[in-house]
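Participant: First residue of the sequence shown? That's 447 in the numbering used here, and the numbers climb one at a time after it.
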Amino acid sequence: MMRDSNAEALLHLARQDVALEQWDAAQAKCMQVLSTHDRHPGALSLLGTVLYSQERHEEAVRIFNALTVMEPAVAEHWRNLGTALRPTKRYDQAIAAFDRALRLAPPTAALLYNLGVLQMERCEHNAAYLALRDAVKLAPRDATIRWGFAQCCYDLVNVEEATEALQGWQSLQGLNLELSVRIVHLLVMMGELATALPAIEQLLANPPRKGRAALGLATILERLHRLDEARAILEQVAIHDPGLDQEPDRLLISAILAERDGENEAARRDLDLALANHHEFMHRHHLLFRLAKVLDSMGRYEEAYSAGEEAHRSQLAFIEAAIGKSPAGGSRIMARAARSCDPNDVATWDMSAPRIEESPIFVVGFPRSGTTLLEQVLDAHPDLESMDEQPFLLRAHEDMLNRGVDYPAGLGTLSTQDLDELRSRYWERVRTKVTLQPRQRLVDKNPLNMLVLPLMRRVFPQARIILLIRHPCDALLSCFMQNFRAPELALLCRDLPTLARTYDQSFGFWYSQWTLLQPHSYELRYERLIADFAPQVRELADFLQLPWHEAMLAPAERARAKGFVSTPSYAQVLEPVNSRSVDRWQHYARQFEQVLPTLKPWIERWGYTLN
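(1) Just the Cα atoms here: how many angstroms apart are R940 and F510?
(2) At 4 residues or longer, what runs of the alpha helix (DSSP H) sit wholly inside the region 984 to 1026?
(3) What three-state label does DSSP hand E969 in the structure shown?
(4) Going by beta carbon distance, what residues of the same chain come within less than 6 Å of V1028, once the five residues before and after it are set aside?
(5) Using the Cα positions of M447 and V683, report the straight-line distance between them to the nearest angstrom.
(6) If you draw a straight line from the C-alpha of C919 to the C-alpha of R714, how long is it?
(7) Do L490 and L513 have their C-beta atoms closer together than 8 Å?
(8) Thinking A921 and F808 are a contact (beta carbons under 8 Å), I'd like their distance in whole angstroms, please.
(9) Check the C-beta distance from M728 over to S760 and give it rounded, since I have them as a contact under 8 Å.
(10) Enumerate in chain order the residues of its own chain whose CB-to-CB distance from Y747 is below 8 Å, with the five nearest sequence positions on each side excluded.
(11) Expressed to the nearest angstrom, what Euclidean distance is found between the alpha-carbon atoms of L1042 and F735?
(12) With distances taken Cα to Cα, identify the nearest neighbour of D791 among A784, W994 and A855.
(13) For G657, which three-state DSSP category applies?
(14) Using a Cβ-Cβ cutoff of less than 6 Å, which residues in the same chain neighbour A946 once the five nearest sequence positions on both sides are dropped?
(15) State the DSSP-derived secondary structure class of D588, mapped to helix, strand or coil.
(16) Please look up how many angstroms separate the CB atoms of L970 and L1056, rounded, as I've assumed it's under 8 Å.
(17) What do you reckon, are the CB atoms on T641 and E835 nearer than 8 Å?
(18) Out of F595, T534 and A519, state which residue places its alpha-carbon closest to the alpha-carbon of R508.
(19) Can you tell me whether V898 is buried or exposed, with buried defined as 16 or more other CB within 10 angstroms of its CB?
(20) Determine the direct distance from the alpha carbon of V605 to that of V1023, and round the result to whole angstroms.
(21) On the criterion of 16 or more Cβ atoms from any shown chain inside 10 Å, does K583 qualify as buried, or is it exposed?
(22) Determine, using beta carbons only, whether Y949 and I912 come nearer to each other than 8 Å.
(23) Pick out whichever of L564, N572 and A506 has its Cα sitting closest to the Cα of G770.
(24) Compare the Cα-Cα distances from E755 to each of K475, F979, C925 and T482 and report the closest residue.
(25) The beta strand (DSSP E) spanning I911 covers which residue range?
(26) Apply the 10 Å Cβ neighbour rule to R549 and answer buried if 16 or more other Cβ atoms are within range, or exposed otherwise.
(27) Can you list, in chain order, the residues of its chain with a C-beta nearer than 8 Å to that of K739? Leave out the 5 residues immediately preceding and following it.
(28) May I ask you to check if the CB of R1006 is nearer than 7 Å to at least one heavy atom of the ligand GTP?
(29) Are three or more beta carbon pairs between the region 612 to 620 and the region 573 to 580 nearer than 8 Å?
(30) So which of P884, L901, R885 and L680 has the shortest CA-CA distance to D864?
(31) Are the CB atoms of F1010 and R669 within a distance shorter than 8 Å?
(32) Cutting at 6 Å between CB atoms, please list the residues of its own chain near A768, excluding the five before and the five after it.
(33) Using the C-alpha atoms, what's the distance from C599 back to Q822?
(34) I believe F906 touches S832 by the beta-carbon criterion, under 8 Å. Please report the beta-carbon distance rounded to the nearest angstrom.
(35) Could you check how far apart the C-beta atoms of R801 and R841 are, in whole angstroms? I think they sit under 8 Å.
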């Protein structure tokens, strides 16, 4: 029989094997100990860890379950059992194991991390946030835990906190290839390109050829329009990791690349197969929205609309579970447009400062009305700088409400100092995204800033505002087909009747306040812009008091140079200006019948037709 000292020596060597990810060698040493000490807790625990690390989760569950029977008072065994149960999706059992561990000993960072990730997989993001936040407090230098917390914050649309969680990420402990790719992908999606791009080049120096790290890198490259490099990565995955052929993540990136090449039939096949292999309803909307778009491009309009409806059902289920929001809870977005300014209060406003040169240019309109295209037009001018779509004016709205201001009827009560502080905080946030050169003006594009027109006019009274108008039916159809990440916006886009009511309320509010506030605004029709591009852009430059610059006529080149555009139309803005999306709603005329009475006054007001 092996002496205890020999057993411990073997286990010491096995732990060294684990540190080097030499799983077979570690398993062999554990089995050697167990051949003579069949109930050796240390050997069983290490064997379970080895099996879990090889994704042999069911075998790991059996090992850790046996340990909880042998030594039920040891918290570590219950922690390990919960961790091993999580990938098997036996979530209730995993939570029960974690609860048992917490009753036996104080929480560890690893337990809280696994609990938080489990809750994210169950779409319980508010609970996950608390667990992962506490895990970060216990292990602030752990890269895996910091990534998990950042991902949860991002899913909750708390981008500022997610960005803060990844500060200095390359010096964190426990970084590996797959984790680095996950972090870089998150940084890209948050628009943190200054941090992400050097890391991407490091990854490409020796790119992964298999596994989820390779799929993640291909996804990053597609998002940055580096399509040839993304395809090359996928080709390597096909050669070196054919087991991923049926994986939804691989099929999705393959479908996206096929769609961008105009190969819609190939994209449809990939998406159909991905959906067949993806059975978690609350996560299917990412695939379904993409499928709806592909089917629309193929002229299969009834199927496209059905896919869009199913996508919204999936997304709604996700939002309700993950964030606790539902249509019944009302809309914070539309609450901003619930009240009007008081004419007597407006009469007290000082409209003199700051000057036009010290004010942003605001681009607003209903979502999917051409604001991203216009942003690229303006950003191409050397005297202007855009910051992609940011909520900084809405943050200023929150800052003002925190001061106890009766909004919007009491905006006149804001003192000069109050206004200076609101502007200072706004520019402080802007500086986290862009650095304006001397004499450069900021372009702040956020469509639904139209709903805070009173604040815009009070804080930046000399600012120029561009309102994009598009045929209401085309704008609504495009919104319905989009996978908006912001929960509040996604809820407003869940069906055409809700969209039509939102559209009507939004423009009703805009014009009622516009009449009273008389902002420096310019109405630009999307259809006129793309049909008569150069003259329309020149008129716009005159309104903005800009010297003419030919670069404004090449928005696609500007978008390509920027590399990342956060909005859903990130691929479209690389195309030459075209009219393909004009009157697209006509293919869905049957679905629009119920909402035309709501939209008709706006269609007539702007001179559009229903033909």
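For each residue, glycine too, the CB sits at the ideal point set by N, CA and C.
Facilitator: To lay it out plainly:
(1) On the sequence shown, residue 940 is found 494 positions in, with the first residue counted as 1. On the sequence shown, residue 510 is found 64 positions in, with the first residue counted as 1. If you take the alpha carbons of R940 and F510, they lie about 44 Å apart.
(2) 1001 to 1008
(3) One-based indexing of the sequence shown puts residue 969 at position 523. Residue state, collapsed to three classes: strand.
(4) As a first step, residue 1028 is located in the sequence shown; it is residue number 582 there, counting from the start. Cβ within range, chain order: E973.
(5) Within the sequence shown, the letter at position 1 stands for residue 447. Within the sequence shown, the letter at position 237 stands for residue 683. Legend: pLDDT at M447 = 44, less than 50; position of this residue unreliable, value from coordinates given subsequently. So the two alpha carbons sit approximately 47 Å from each other.
(6) Taking the sequence shown and counting its residues from 1, the one referred to as residue 919 is at position 473. Taking the sequence shown and counting its residues from 1, the one referred to as residue 714 is at position 268. If you take the alpha carbons of C919 and R714, they lie about 26 Å apart.
(7) Your numbering for residue 490 matches position 44 in the sequence shown. Your numbering for residue 513 matches position 67 in the sequence shown. Cβ distance < 8 Å, so L490 and L513 count as in contact.
(8) By one-based count along the sequence shown, residue 921 stands at place 475. By one-based count along the sequence shown, residue 808 stands at place 362. Not a contact, Cβ separation roughly 19 Å.
(9) Locating residue 728 in the sequence shown gives position 282, where the first residue counts as 1. Locating residue 760 in the sequence shown gives position 314, where the first residue counts as 1. About 6 Å separates the two Cβ atoms, so the contact holds.
(10) Stepping through the sequence shown from its first residue, residue 747 is reached at position 301. L741, H1033 and Y1034, listed in sequence order.
(11) What you label residue 1042 is simply residue 596 of the sequence shown in a count that begins at 1. What you label residue 735 is simply residue 289 of the sequence shown in a count that begins at 1. So the two alpha carbons sit approximately 24 Å from each other.
(12) Along the sequence shown, read from residue 1 onward, the residue named residue 791 stands at position 345. Residue A855 is the option with its Cα nearest to D791.
(13) Within the sequence shown, residue 657 is the residue found at index 211, counting from 1. Helix, per DSSP.
(14) What you label residue 946 is simply residue 500 of the sequence shown in a count that begins at 1. Excluding positions up to five away in sequence, the list reads V1041, T1044 and L1045.
(15) As a first step, residue 588 must be located in the sequence shown, where it is residue number 142. Here D588 sits in strand by DSSP.
(16) The count along the sequence shown starts at 1 and reaches residue 970 at position 524. The count along the sequence shown starts at 1 and reaches residue 1056 at position 610. In fact, because the Cβ distance is near 22 Å, the residues do not count as touching under 8 Å.
(17) By one-based count along the sequence shown, residue 641 stands at place 195. By one-based count along the sequence shown, residue 835 stands at place 389. In this structure, E835 does not lie closer than 8 Å to T641 by Cβ.
(18) The count along the sequence shown starts at 1 and reaches residue 508 at position 62. Minimum Cα distance to R508 is reached at T534.
(19) Working through the sequence shown from its first residue, we reach residue 898 at position 452. Its Cβ being crowded by 16 or more others within 10 Å, V898 is buried.
(20) Taking the sequence shown and counting its residues from 1, one reaches residue 1023 at position 577. Taking the sequence shown and counting its residues from 1, one reaches residue 605 at position 159. Taking the straight line joining both Cα atoms gives about 31 Å.
(21) For this step, residue 583 is matched to residue 137 along the sequence shown. Result: exposed.
(22) For this step, residue 949 is matched to residue 503 along the sequence shown. For this step, residue 912 is matched to residue 466 along the sequence shown. Contact: no.
(23) Walking along the sequence shown from the start, residue 770 turns up at place 324. Taking only the C-alpha atoms, the option nearest G770 is N572.
(24) The residue given as residue 755 occupies position 309 in the sequence shown. Per the Cα distances, C925.
(25) If you number the sequence shown from 1, residue 911 lands on position 465. Looking at the DSSP string, the run of the beta strand (DSSP E) that includes I911 is R910 to I915.
(26) Within the sequence shown, numbered from 1, the residue matching residue 549 stands at position 103. Its Cβ having fewer than 16 others within 10 Å, R549 is exposed.
(27) Locating residue 739 in the sequence shown gives position 293, counting from the first residue. These residues qualify, in order along the chain: E705, A750 and M927.
(28) Absent from the structure shown: the ligand GTP. Ligands present: none.
(29) no
(30) Taking the first residue of the sequence shown as 1, we reach residue 864 at position 418. With distances taken between Cα atoms, D864 lies closest to L901.
(31) Stepping through the sequence shown from its first residue, residue 669 is reached at position 223. Stepping through the sequence shown from its first residue, residue 1010 is reached at position 564. Contact: yes.
(32) The residue given as residue 768 occupies position 322 in the sequence shown. If we look at A768 and ignore the five residues flanking it on each side, its Cβ neighbours are C569 and H571.
(33) On the sequence shown, residue 822 is found 376 positions in, with the first residue counted as 1. On the sequence shown, residue 599 is found 153 positions in, with the first residue counted as 1. The alpha-carbon atoms of Q822 and C599 are separated by roughly 29 Å.
(34) The sequence position of residue 906 within the sequence shown is 460, counting from 1. The sequence position of residue 832 within the sequence shown is 386, counting from 1. So it is not a contact: roughly 16 Å between Cβ atoms.
(35) Locating residue 801 in the sequence shown gives position 355, counting from the first residue. Locating residue 841 in the sequence shown gives position 395, counting from the first residue. At roughly 23 Å, the Cβ-Cβ gap does not stay under 8 Å, so R801 and R841 are not in contact.
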